[in-house]
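Taken in sequence, the protein lines are chains A and B. Position 246, counted from 1, in the first sequence is what the working numbering calls 246; the numbers after and before it change by one each time, with no gaps. Position 215, counted from 1, in the second sequence is what the working numbering calls 1215; the numbers after and before it change by one each time, with no gaps.
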Amino acid sequence: MAKVGLYIYTGDGIGEALDIAALTNLAQKEGAAIVKTHDDLYSPAGIQMVKDDVEKEGVDRVVIAGASPRYEYKDFDFPGVYIEKTSLRELVVWSHPSDNGNNEHVQELAEDYIRMSMAKIKKVAMPVPEKMEAPSQKVLIVGGGIAGMSAALELAEAGFESTIVEKENELGSFAAKIRKQTPIGPDYTTLIDPIAPGLIAKINANSKITVKTGTELARIANVPGNYRASFKSAGVKSEWDAPIPLTPEEKFDANGKELSAEDQKKKYNAKNEGRQDYMQVDSNAEIFGAVVLASGWKPFVPAEGEYAHLAWGNPNVVTNHQFEDIAKKGKIVRADGKEAKSVAFVMSPGAKKDDFDFPYASAVTSISALKHAKYVREDYPQDGKSYIFYQHMRTPGKYEYFYKSLQNDEGMFLTKGAVTEVKDNGQGGLSVKVEDTLIGGDMTVDVDMVVLATGMIPTTKEEAVINFAYRQGPAFRDLELFQGYCDSNFICFPYETRRTGVYAAGGVRRAMTIEDEMEDGTGAALKAIQVLKAVEVGHAVHPRTWDYDWPDFYFQRCTQCKRCTEECPFGALDDDEKGTPKPNPARCRRCGTCMGACPERIIGFKDYNIDIVGSMIKNIEVPDDDEEKLRMVVFVCENDAYPALDIAASQGKSWSPLPRIIPVRCLGSVNVSWIKDAMSSGMDGVLLLGCKYGDDYQCHFAKGSELAGKRMDNVAESLKSLGVEKERVKLEQVSIDDYDKVSQIINDFVEEVVGMGPNPFKGF
Amino acid sequence: MQTQSIQPDLSFIRNVMQSGGDTVKRCYQCATCSVVCPLSTDESPFPRKEMLWTQWGLAGKVAGDVDVWLCHQCGDCTTYCPRDARPGDVLSAIRLNAIRYYAEPKFLADMFSSPMGVIGAVFLGIILVLAVAGVWAALVSHHAFPFPEETPIEFHNFMSVIPIDVLFLSTVVFVLYVLYNGVKNFWMDISAGANLPKSYSGTYPVPPIGTLVTGYIIPAVQEIIAHSRFKKCGQTADRATGHLYLVLSFIILFIVTNFVFIAEDLFHAALHIIGPVTPMPQWHPVKLAANIGGIMLIVGVFMIKGVRDRLTEKGTLKSSDQDWILIWLIFAVGATGLGSEIFRLTQVKQLAYPVYILHLACVWVLFLSLPFSKFGHLVYRSTAYVFEKWAADVKSGKAGFGLEKSVGSEH
């Protein structure tokens, strides 16, 4: 039997604003064996007080009612003791100043948070980590370009073995096929010899690195720590090629009717003829612990007929990539052998549309244009002329030095401008018309050659590359949000992909210079090492690295509806023939999206499940007959929306005392049953505050808030059928810097609900 | 705006960069320079456009730009330039290139733009003076050469004014010819650059000589003597005083020289109408003026040098070889002039004649270099002053195509 100790922090104004004695009595009534207060709870003396109770009184469940749970006090971590933190400071006192000494509402708010935390603490169990025994310490690196080679070398330095699998017959990729490269360190004004050959030599001399050239990854199965990689010769078919699930469209017949499960299965089998089932184990597969995906990019080559106004198709109009090939062979010459002494570099193909670049253009295309312009000047120092016509010149960081050094060259001519026409000038060259230039007005320039600053297409745009043997298919999901770049939420989590244990580096993730690729390979290598450790000790990876828990399934009640397997943002769930989910804790990020998806409510965590949150809701006191005291529940995503509330409170913003806030791991984890619980316990409204979704999504679990949005549409339908206004349940998107708006969002919702009056089911 | 066909002239860019404008390519067109420039006008702001044209090697555009010459290298632009593109220095370099552009033959321009070339020219001058004097002594005067035996020292005994005139008048003719061509081409270029209206036959209006002098040259000269623009310079206003000393001394010496030329060379030596005028007694007003002019020249040079040293050190402006060549050449002229006078009066024969020879050589080089060196700014900047007034009147319909006759009296 758990023994609960509840400790109330009375500093920071809490003691003055609230009736602490009443809270103490309440906590005791709710079942806390020990209730104590301290005006400096987070000081050594306060910590010692709690510690004494743990050690001498046998307290094994602790509630700290005081500062926001977001403030981390590691001193309160006692082995085997569950710590629950509830915020009296930010969510109650700071955000709800006393209304002329009338503290009734604020006191009730504090009391409810005590009740809710007591309801939770009585139901939590200590997590038991799922540890993997002797996980593989070897890292698979897909792609042998600069990023891949850098990752391999860094891993070797750190003592880890790796295997580089490279499709081509040589390592080095594009970086090995260039004449010169932009500098990777000071001085930033001169081009240097390619560094790729040096890296290749280091790789070949390193006993910790295995290289497989001319090889592809047919499939990769299982989990971090124990990936099974099936290799094949590049470009051939293999029985171990990863099977591809039916697309949503393929699940329907020609008349738009959904195919039966049996027909779908047939169609799926036909589609994957000759391929082993995704759950089949390849006994010849090699075992790896983690993967660095450094499969790079492909040059964009415009199709025939594209960019007609830039004379694409004329033999003297080439892409930057083709120009590099020419430069690699020797002096810059044209297809007809004539020396190209004047070359125009066209950065933006949009003519007068000034916010228009070639697809996949980036800082790298700007820097490459500068480098290529320098080739011309180096080949023809006396009379070589390089023109760069740009709408955007992107030379981030120290590349600005390179840019400046080129500007100083007498033969470099740079101007912003709209290239409206390139045509044969009738004298064996090309005439380039540029409008709205810095020189004032329009100009024409005669040149020998035109180079288009085309972009770098990430390999994951058109191919799966990684070829997972996963229930959700071989490729990363939703990469269209990143134009095909292999990324998840790059602002917050560089290198992370939508598959735990696989870390993207280099051009596949973002267009990068060679210098950036080296750093990126290093970063991804470190992430790979982290995951190896994580699976060994059984904690989650970013963003819940402290979490040793994992979702538990009560399979007896599973109806094989497949919602969890389909909706898991990380593809953590596989399934069997019947469709019963097969959890893979090592792939799981503990966001709880499966829990939110499950209509049978059979998925949960030890300290975060349907029952715990449901009990918290039911323990909120709802006055039956007081129209002044309507009650709402606000489910707040703890990643961005909750911090926004904390910041708002610390900045003195206040909001209505009527709603009760329940932090959730992700809105994706909010199960519809909680909303039903809230409405049936007489709450007057439910608000969900989560991350922005859509193109620029900020959800830490990629899809959680978006899924919640879809689920709320269904909730609205069922509310309507009950005769309850659907506006009583609402989802709002909040980003972490919306702290100045979040209190207004809450107040607006409260006002709307108050306007609707009490929940018609109140009291039933 | 009309589409212009751009053909960058790399050699023009290179020349500007090599003659002190090496920073021109740094300019990123923020226009701070034109805003802070105390001399720039709203109608035609500079030096931003000149920076851009030079970056793009548009030599023709720069050649047609009178504003280049209305710049006095105050250095305010250079001081405030966020990119350290030093527009003041670049325009100075552009001017040097313009002088070279309008000067023929080019080898003289090359010679006068290098210190060794100038030193060589002075040696050439010495040889020339000795040759002419030697021939004169042997064939006409029969004085001992190179040190005449007569005392007191009279430079006539070394070489009379006639052979000097042979040497110098031929040089004057040559210099005037080169300058005439240069200024004529310059005038045409800036007329085109200023978009002056053309006549039906396609020529640019040219002021009649009388109007030119009374309506434009005299006001321009008045403005130059007043140094009113120079004094507006923010960073380098104190350069104006030294420069004014030099300008005044040149004017005084010009008048003195012409007085002597007419009285001595023409009326006495050539026509024998009057007796010898030189050497003049020290109390003679012309002699007094000459001595004052000589002293002002040297003082002015040192003032200018002092300011330039300070500003160069501070980074407000850069000083090219040409800047120093002109300063030291003028100093050499003044120093040797006064030196030969002092040694003559003190009867130090072994020094008086050599210093006099050196003086003649330096004067000759300074003279000859006028159309080819930085000294040419005397002509081109003055022309620019004149043109600016003329162009303003033409554009406002007060001059050109005979219009000035009706309104010319306003000047």
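Quick reminder that beta carbons are idealized off the backbone N, C-alpha and C, glycines included. Since this is a predicted model, take the numbers as computed values, not measurements.
What did DSSP end up calling T1032/B once you bin it into helix, strand or coil? Note: T1032/B maps to helix in three-state DSSP.
Enclosing beta strand (DSSP E) for E84/A [first to last residue]: Where E84/A is concerned, the enclosing beta strand (DSSP E) stretches over Y82 to S87.
Entirely enclosed beta strand (DSSP E) segments - the region 689–751 of chain A, minimum 3 residues: Fully contained in the region 689–751 of chain A are the following beta strand (DSSP E) runs of length 3 or more, in chain order: 729–733.
Residue burial classification, I1013/B (beta-carbon count within 10 angstroms, cutoff 16): With 16 or more Cβ atoms within 10 Å of its Cβ, I1013/B is classed as buried.
Using a beta-carbon distance below 7 Å, is E638/A in contact with chain D? Absent from the structure is chain D; the protein chains it does hold are A and B.
Report the option in D520/A, L526/A and M347/A whose CA atom is closest to the CA atom of D307/A. According to the sequence displayed, residue 307/A carries Tyr and not Asp. Measuring from the Cα of Y307/A, the nearest candidate turns out to be M347/A.
So what's R219/A in DSSP terms, helix, strand or just coil? Three-state result, R219/A: strand.
When Cβ atoms are compared, which residues of the region 1017–1051 of chain B fall closer than 7 Å to chain A? The residues in question are M1017, K1025, R1026 and Q1029.
Partners in chain B for N408/A, counting only beta-carbon separations shorter than 7 Å: Near N408/A (Cβ distances below 7 Å), the residues of chain B are K1025 and R1026.
Considering only the alpha carbon of each residue, which of L1345/B, F1259/B, A1269/B and F1230/B lies closest to V1247/B? Cα-wise, what sits closest to V1247/B is F1230/B.
What three-state label does DSSP hand Q1412/B in the structure shown? Nothing in the structure corresponds to residue 1412/B, since chain B is present only between 1001 and 1411.
On the CB-based measure, 16 or more other CB atoms within 10 Å of its CB, does V1213/B come out buried or exposed? Label assigned to V1213/B: exposed.
Thinking C-beta only, is S735/A closer than 7 Å to K692/A? Yes, the Cβ-Cβ distance between K692/A and S735/A is below 7 Å.
Same chain, Cβ closer than 6 Å to V636/A, five either side skipped, listed in chain order: Take V636/A, set aside five residues on each side of it, and the residues of its chain with a beta-carbon closer than 6 Å to its own are Y642, I661, P663 and L689, in chain order.
Exposure label - P583/A; buried when at least 16 CB within 10 Å: When all chains shown are included, P583/A counts as buried.
Quick check on DSSP: helix, strand or coil for C564/A? Three-state DSSP puts C564/A in a helix.
Ignoring anything shorter than 3 residues or poking outside the region 126–192 of chain A, list the beta strand (DSSP E) runs there in chain order. Qualifying beta strand (DSSP E) stretches, in chain order: 139–142 and 162–166.
Top-ranked residue by Cα proximity to D1067/B, from L1058/B, Q1055/B, E1043/B and W1056/B: Check the Cα spacing between D1067/B and each of L1058/B, Q1055/B, E1043/B and W1056/B: the tightest is with E1043/B.
Should L217/A be labelled buried (16 or more other beta-carbon atoms within 10 Å of its own) or exposed? The residue is buried, with at least 16 neighbouring Cβ atoms inside 10 Å.
I146/A and E515/A closer than 7 Å at C-beta: Not in contact: I146/A and E515/A (Cβ atoms no closer than 7 Å).
Is any beta-carbon of chain B found at less than 7 Å from that of D442/A? Yes, D442/A counts as interfacial toward chain B.
C-alpha distance - G397/A paired with V729/A, whole-angstrom precision: About 47 Å.
Quick one: which chain B residues come within Cβ less than 7 Å of I529/A? Those within 7 Å of I529/A in chain B number zero; the least Cβ separation is about 45 Å.
Tell me the rounded alpha-carbon separation between I1119/B and D1110/B. Near 13 Å, if we compare the C-alpha coordinates of D1110/B and I1119/B.
Sequence-distant residues of its chain with Cβ nearer than 8 Å to V4/A (five each side left out): Beyond the five residues adjoining it in sequence on each side, V4/A comes within less than 8 Å, by CB distance, of G31, A32, A33, I34, V59, R61, V62, V63, M118, I121 and K122 in the same chain, given in chain order.
For I439/A, which residues in chain B fall below 7 Å Cβ to Cβ? L1052 and W1056, listed in chain order.
May I have the straight-line CA-CA distance separating H1411/B from Y1216/B, to the nearest angstrom? Confidence at H1411/B is low in this model, with a pLDDT of 43, below 50, so its placement is unreliable and the value that follows should be read with caution. Near 8 Å, if we compare the C-alpha coordinates of Y1216/B and H1411/B.
Near I745/A, what residues of its chain come up, given a Cβ to Cβ distance below 6 Å and the 5 sequence neighbours on each side ignored? Excluding sequence positions up to five before and after I745/A, its CB lies within less than 6 Å of the CB of E732, all in the same chain and listed in chain order.
Can you tell which of I192/A, I209/A, E166/A and A205/A has its C-alpha closest to the C-alpha of F160/A? Among I192/A, I209/A, E166/A and A205/A, the Cα nearest to that of F160/A belongs to I209/A.
Thinking C-alpha only, which one of E90/A, D77/A, S233/A and N408/A is nearest Y9/A? Checking every option, the nearest Cα to that of Y9/A belongs to E90/A.
Can you have a look at P1008/B and say buried or exposed, based on whether 16 or more other CB atoms are within 10 angstroms of its CB? Counting Cβ neighbours within 10 Å, P1008/B comes out buried, since at least 16 surround it.
Count Cβ pairs between the region 1339–1353 of chain B and the region 1066–1084 of chain B that sit closer than 8 Å; are there 3 or more? Segment contact: the region 1339–1353 of chain B against the region 1066–1084 of chain B, fewer than three CB-CB distances shorter than 8 Å; contact not assigned.
Going along the region 368–392 of chain A in order, which residues come within less than 7 Å of chain B, judged by CB to CB distance? D383 and K385: these are the residues of the region 368–392 of chain A whose beta carbon lies less than 7 Å from some beta carbon of chain B, given in chain order.
By the 10 Å Cβ neighbour count, where 16 or more other Cβ atoms means buried, how is Y765/A classified, buried or exposed? The question about residue 765/A has no answer here: the residues shown for chain A are numbered 1 through 764.
Would A363/A and R394/A be called neighbours here (beta carbons separated by less than 7 Å)? At a Cβ-Cβ threshold of 7 Å, A363/A and R394/A count as neighbours.
Nearest-angstrom Cα separation, counted from T1336/B out to A1133/B: Rounded to whole angstroms, A1133/B to T1336/B spans 18 Å at the Cα level.
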